[in-house]
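Residue numbers (the working numbering): 35 to 145.
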Amino acid sequence: MSRELRELLPELVAAAEGIQGLKQLILYGSFARGEEDRRSDVDLLLVLDTPVDPEKTEVAEKARRGIVEAFARAGSERGVQITLSNLKGVDESFIENVAREGVVLWGKPFF
Numbered sequence: 035m036s037r038e039l040r041e042l043l044p045e046l047v048a049a050a051e052g053i054q055g056l057k058q059l060i061l062y063g064s065f066a067r068g069e070e071d072r073r074s075d076v077d078l079l080l081v082l083d084t085p086v087d088p089e090k091t092e093v094a095e096k097a098r099r100g101i102v103e104a105f106a107r108a109g110s111e112r113g114v115q116i117t118l119s120n121l122k123g124v125d126e127s128f129i130e131n132v133a134r135e136g137v138v139l140w141g142k143p144f145f
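1. Count the other CB atoms, across all protein chains shown, that sit within 10 Å of the CB of R106; report buried if there are 16 or more and exposed otherwise.
2. Taking 8 Å as the cut-off, does the segment 94 to 106 touch the segment 123 to 141 (at least 3 CB pairs, one atom from each stretch)?
3. Whose C-beta lies closer than 8 Å to the C-beta of S119 among residues of the same chain, with five residues either side of it excluded?
4. Should G52 go down as buried or exposed, given a rule of 16 or more other Cβ atoms within 10 Å for buried?
5. Would a C-beta distance cut-off of 9 Å place D77 and L61 closer than the cut-off?
6. Given a cut-off of 9 Å on the beta-carbon distance, is the pair A104 and L42 in contact?
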């Protein structure tokens, strides 16, 4: 994980912690692999203990704003891609990819 992200970890976790039903906050993609560059966005998976419903997208937007604001305060303009899921019915290759390369930022690992 990059120094940039390690320094922001407390704020990233705080931005996601208030989400009802959150089981895990997982970083995946180029940042998790340590292959990010200046154009890389931050890929986050928020694993929920309930089925995702349309109301959850508002929660995701709030978390995204908090995460983007944390990066902006640090002088970064990274894009953030947030995926919400309870992992039921999710493409198996996506789950395998996250299990292989993902970094659990909050919550207990269960993969």
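Cβ atoms here follow ideal geometry from the backbone N, Cα and C, with glycine treated the same way.
By the coordinates alone:
1. Locating residue 106 in the sequence shown gives position 72, counting from the first residue. Position check: residue 106 holds Ala in this sequence, whereas Arg was assumed. Counting Cβ neighbours within 10 Å, A106 comes out exposed, since fewer than 16 surround it.
2. no
3. Walking along the sequence shown from the start, residue 119 turns up at place 85. Excluding sequence neighbours, S119 sits near L79, L80, V81, L82 and V86.
4. The count along the sequence shown starts at 1 and reaches residue 52 at position 18. Exposed.
5. The residue given as residue 77 occupies position 43 in the sequence shown. The residue given as residue 61 occupies position 27 in the sequence shown. Taking 9 Å as the Cβ cut-off, D77 and L61 qualify as a contacting pair.
6. The sequence position of residue 104 within the sequence shown is 70, counting from 1. The sequence position of residue 42 within the sequence shown is 8, counting from 1. Contact: yes.
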